[in-house]
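Only one structure is covered here, and it is reproduced in the block below.
Numbering (the numbering used here), first residue to last: 1141 to 1219.
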């Protein structure tokens, strides 16, 4: 699944366009490498996202095409 779509579905970032902008401005990394919006995410990948001066790390636990709001916490773990 594309990183921009995953960030939106998991609700780490609320809108896909904002996720795309974050990737284009090099604020998103997958396993230590800068991610483009079209970069693929797999289970077990570690995501680093810079929100202003704060950096958050997430481990991808699952990938689904459709997710209910209550199930989003099953998709990632904060490191």
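The beta carbon of each residue, even a glycine, is placed where N, CA and C say it ideally should be.
Predicted model, so just to flag it, every value in this text is computed and none were measured.
Would you list the one or two residues that DSSP bridges to residue i?
i, result
"residue 1151", "Partner(s): none; residue 1151 has no beta bridge."
"residue 1169", "1174 and 1188"
According to the Cβ coordinates, are residue i and residue j closer than 7 Å?
i, j, result
"residue 1183", "residue 1200", "yes"
"residue 1181", "residue 1171", "no"
"residue 1168", "residue 1152", "no"
Mind checking which residues open and close the beta strand (DSSP E) that includes residue i?
i, result
"residue 1217", "1216-1218"
"residue 1200", "1194-1200"
Identify the continuous alpha helix (DSSP H) that holds residue i and give its terminal residues.
i, result
"residue 1164", "1156-1164"
Consult DSSP for residue i and reduce its assignment to one of helix, strand or coil.
i, result
"residue 1209", "helix"
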